[in-house]
Amino acid sequence: DAKTTQPTSMDCAEGRAANLPCNHSTISGNEYVYWYRQIHSQGPQYIIHGLKNNETNEMASLIITEDRKSSTLILPHATLRDTAVYYCIARDNYGQNFVFGPGTRLSVLP
Amino acid sequence: EPEVTQTPSHQVTQMGQEVILRCVPISNHLYFYWYRQILGQKVEFLVSFYNNEISEKSEIFDDQFSVERPDGSNFTLKIRSTKLEDSAMYFCASGRGDQETQYFGPGTRLLVL
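Residue numbers (this note's numbering), protein chains in the order written: chain E, 299 to 408; chain Y, -10 to 102.
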C-alpha cells in the first residue's frame, strides 16, 4: 500500500502557484519522496524528488518539513497544461518499484 | 532528451490470444520495469528486470506473463493467453540504477475482447 496520503482533487487559477500537499508521517529516514504526474492517460512523468532538503528544478519546487512528515509540491506559475493527476510516492534506498496511490487531480482553471 | 518508447500505442486482441508489448528503454539505463493501469484505477507494478533476469515481481505477474530483453535495445512483455481483465494501459519504465528515478514510456493501450 502507498505510504502517502494526498487530497483527492484541487483547483488552481492559471498563472497562480499550485501547492499540492502530501502527508507521509510514517516514512523512514532513508525513504525519498518522489513526485510524478500523469496527464490524461499518458505515462507518469517524473517531476522531482527529495530526501530532507528542499529541492527545485525547472518544473517545480519540493518543500519537505523538518520532521519529514509532510511535503508540498509547488508549481510556481500553473498553466492549463499542468492539469493532471499528481502522485506523491515514498520509496526507500532498497526498493525498486514505485507504489502509486490515487494521487491528487489538479485542475488548472482559466 | 532521451525517452522511453513503446509500441504499439494501441492493441486490440481476442481473448486467449498471445500479445507482445515492446519497449525501448533509455539507452544507458540498466533497470527495466513494467507497470499497468486498468481504466480508472491506480498504476500497479508488474515486474522489474536487471542483468537479464527478473529481480522483483508482483502478485499480478503470474505464469501468463513473461519478460525478455531479446537484444541490446528492446524490452518486451508477453501475455500468453490474454483474458478480458488484462485490458489496461501498460507502461514500461527504465532507470540507471535500482535506486534511481524511473522514466516512463507513453504506454500501450491493450483491449482484450
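Where is the CB? At the ideal position from N, CA and C, for every residue including glycine. In this text, all values refer to a predicted model and were calculated from it rather than measured experimentally.
- Assigned with DSSP and collapsed to three states, R58/Y falls in coil, not helix or strand.
- The stretch -9 to 2 of chain Y makes no contact with the stretch 47 to 58 of chain Y, as fewer than three CB pairs between them are under 8 Å.
- Put simply, of A382/E, P400/E, A311/E the residue whose alpha carbon is nearest the alpha carbon of K301/E is P400/E.
- Buried is the label assigned to N395/E, since at least 16 other Cβ atoms lie within 10 Å of its Cβ.
- If the five residues before and after A358/E are omitted, its C-beta is found closer than 8 Å to the C-beta atoms of W333, I345, I346, L371, I372, L373, P374, all from its own chain and listed in chain order.
- In the three-state scheme derived from DSSP, where H, G and I count as helix and E and B as strand, D380/E is classed as helix.
- Around the beta carbon of I337/E, fewer than 16 other beta carbons lie within 10 angstroms, which makes this residue exposed.
- Sixteen is the threshold: when 16 or more other Cβ atoms of the shown chains lie within 10 Å of the Cβ of P14/Y, as they do, the residue is buried.
- Contact between T377/E and S369/E does not hold, since the beta-carbon distance rounds to 22 Å and is not under 8 Å.
- In terms of beta-carbon proximity, F50/Y stays away from the interface with chain E, with every pair separated by 8 Å or more.
- Under the three-state reduction of DSSP, L73/Y is assigned to helix.
- Collapsing the DSSP output to three states places H375/E in coil.
- Ranked by Cα distance from Q343/E, the options F80/Y, R11/Y, G5/Y are led by F80/Y.
- Shown here, A300/E sits in coil according to DSSP, grouped into three states, outside any helix or strand.
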